[in-house]
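Trainee: Numbering (full-length UniProt numbering) for the sequence shown: 1 to 400. Beta carbons are placed, not taken as given, at the ideal position from N, Cα and C, and that holds for glycine. Keep in mind the model is a prediction, meaning the values are calculated, not measured. Below is the structure I would like to discuss, written out as structure tokens.
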Amino acid sequence: PTPPGSRKVVIATNIAETSLTIDGIYYVVDPGFVKQKVYNSKTGMDQLIVTPISQAQAKQRAGRAGRTGPGKCYRLYTERAYRDEMLPTNVPEIQRTNLASTVLSLKAMGINDLLSFDFMDAPPMQTLISAMEQLHALSALDDEGLLTRLGRRMAEFPLEPMLSKMLIMSVHLACSDEILTVVSMLSVQNVFYRPKDKQDLADQKKAKFHQSEGDHITLLAVYNSWKNNKFSSPWCYENFVQIRTLKRAQDVRKQMLGIMDRHKLDVVSCGKNTARVQKAICSGFFRNAAKKDPQEGYRTLVDSQVVYIHPSSALFNRQPDWVIYHELVLTTKEYMREVTAIDPKWLVEFAPKFFRFSDPTKLSKQKKQQKIEPLYNKYEDPNSWRISRAFKKFHTKVTF
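Okay, here's the thing in structure tokens:
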């Protein structure tokens, strides 16, 4: 309850539109925007973008002010913008998200003809095809579009297919204990918090957890430190870590551990051999690979899009040559979130359907003139490690 003589101010995301009701709210300020994950089927990437709300959402937000008494809603946009620029209703989620998880679940239920499946809100055809191509690249579908043994096992986990693949591959790489933690930490948001009056101290505490390998290993270090301190709440407060976030990650980890036990998948630790963890991440997120660009930022290998490491990343000041990222966030720039350094040879090792080594005798003059330093002995097979993308559809292979 609000103390006498005080005013309660609640800053909320769009979860407050319908999912919860807070007593004592009489005024609502609606900026007219929402941060939404939107899938681009052309690039095969998710983007977290700020987009205008719909008219239906605007009405829901206004309704928050009158639940327990008369209230007012102040909209930070014009009536014309409401009438002409906002859609009447929300775009159905199935039409704006990556359908790889949905397709995998439908395939596991025995529904193979997805292109003629009677969806309530039919997704774009290209999005469905893109989802099947992703699953094929992950080896979850065979060349005929049918579920593989690996795909059936991936469908057992309530995770994105890339995370499921990463978790299953970690068993073979003998680092499943670490990947369980990484997957759990990726399933939650906002691990750290940064109070306005202690920003410098919070940044210093966060920097102590930074690992040279990248953000995934940093998340692993945070969870393990919490574990080593007996899951202490005071430890979280001292290090500006959200205790609720870590507890949610702990719950997710227990759930995934139960599924692995049920399927008799070994949970093994790799100790300090973090290269195995990086390889496991690469096995699931190879589509999200990017290479340092000599001019600016990085370029994604899938569509040569210019992207940047997010300032909050452990690798922001390191800038390794090759990286894997968890997702793209579009704000002032196209930022990569949760970034880990990789060896480019791992891409060919774990995604032979998607990448291949190029023949150095067939490189174009432009490619030959590019100065790219080998990662190993630069006097030995100087061109053998160069990678060209091999994008394989169900019956067609295109190399570019």
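1. DSSP puts Asp-30 in a beta bridge; with which residues?
2. Near Tyr-335, which residues of its chain fall below 6 Å by C-beta distance, leaving aside the five closest residues on each side in sequence?
3. Tell me the DSSP bridge mates of Gln-47?
4. Could you tell me whether the Cβ atoms of Leu-135 and Pro-158 are closer together than 8 Å?
5. Closer than 8 Å, CB to CB, is Ser-225 near chain C or not?
6. Do Val-191 and Leu-219 have their CB atoms nearer than 8 Å?
7. Take the Cβ of Gly-5 as the centre, count every other Cβ of all protein chains shown within 10 Å, and call the residue buried at 16 or more, exposed below.
8. For Val-268 and Asp-177, which I take to be in contact (beta-carbon distance under 8 Å), what is that distance rounded to the nearest angstrom?
9. Please classify Val-10 as buried or exposed, where buried requires at least 16 neighbouring CB atoms within 10 angstroms.
10. How long is the line joining the alpha carbons of Val-183 and Gly-258, rounded to whole angstroms?
11. Would you mind reading off the limits of the beta strand (DSSP E) that contains Thr-340?
12. From which residue to which residue does the beta strand (DSSP E) around Ala-289 run?
13. Just to confirm the assignment: which complete alpha helix (DSSP H) runs, minimum length 4, are found wholly within the segment 131–178?
14. Between the segment 75–88 and the segment 116–128, do three or more beta carbon pairs fall short of 8 Å?
15. For Ile-324, tell me which candidate among Leu-301, Thr-332, Asn-317 has the shortest Cα-Cα distance.
16. Taking Glu-213 as the reference, which of Pro-70, Ser-304, Leu-167, Ile-342 has the closest Cα?
17. Name the two residues that bound the continuous beta strand (DSSP E) containing Leu-309.
18. When you compare only the Cα positions, how much space is there between Ser-388 and Lys-353?
19. Along the alpha helix (DSSP H) that carries Tyr-223, what are the first and last residues, could you check?
20. Under three-state DSSP, which class holds Tyr-298?
21. Nearest by alpha-carbon distance to His-326: which of Met-185, Gln-57, Asp-142, Thr-127 is it?
22. Buried or exposed for Gln-278, going by 16 or more other Cβ atoms inside 10 Å?
23. For Val-241, name the three-state secondary structure that DSSP assigns.
24. What does DSSP give as the partner residues of Val-323 in its beta bridges?
Mentor: Judging by the given coordinates:
1. Arg-75
2. Tyr-308, His-310, Val-329
3. Val-38, Leu-328
4. Cβ atoms of Leu-135 and Pro-158: not closer than 8 Å.
5. Protein chains in the displayed structure number just one, and chain C is not present.
6. Yes, these two residues count as a Cβ contact at 8 Å.
7. exposed
8. 6 Å
9. exposed
10. 14 Å
11. Here the beta strand (DSSP E) through Thr-340 covers 334–341.
12. 289–292
13. Complete alpha helix (DSSP H) runs here, min 4: 149–154, 161–172.
14. no
15. Leu-301
16. Ile-342
17. The displayed chain sequence assigns Ile, not Leu, to residue 309. Ile-309 -> beta strand (DSSP E) spans 306–309.
18. Because the pLDDT of Ser-388 is 42, which lies under 50, any placement of that residue in the model is unreliable, and the question is left without a value.
19. 215–228
20. Assigned with DSSP and collapsed to three states, Tyr-298 falls in strand.
21. Met-185
22. By the 10 Å Cβ count, Gln-278 comes out buried.
23. strand
24. Ala-290, Ala-341
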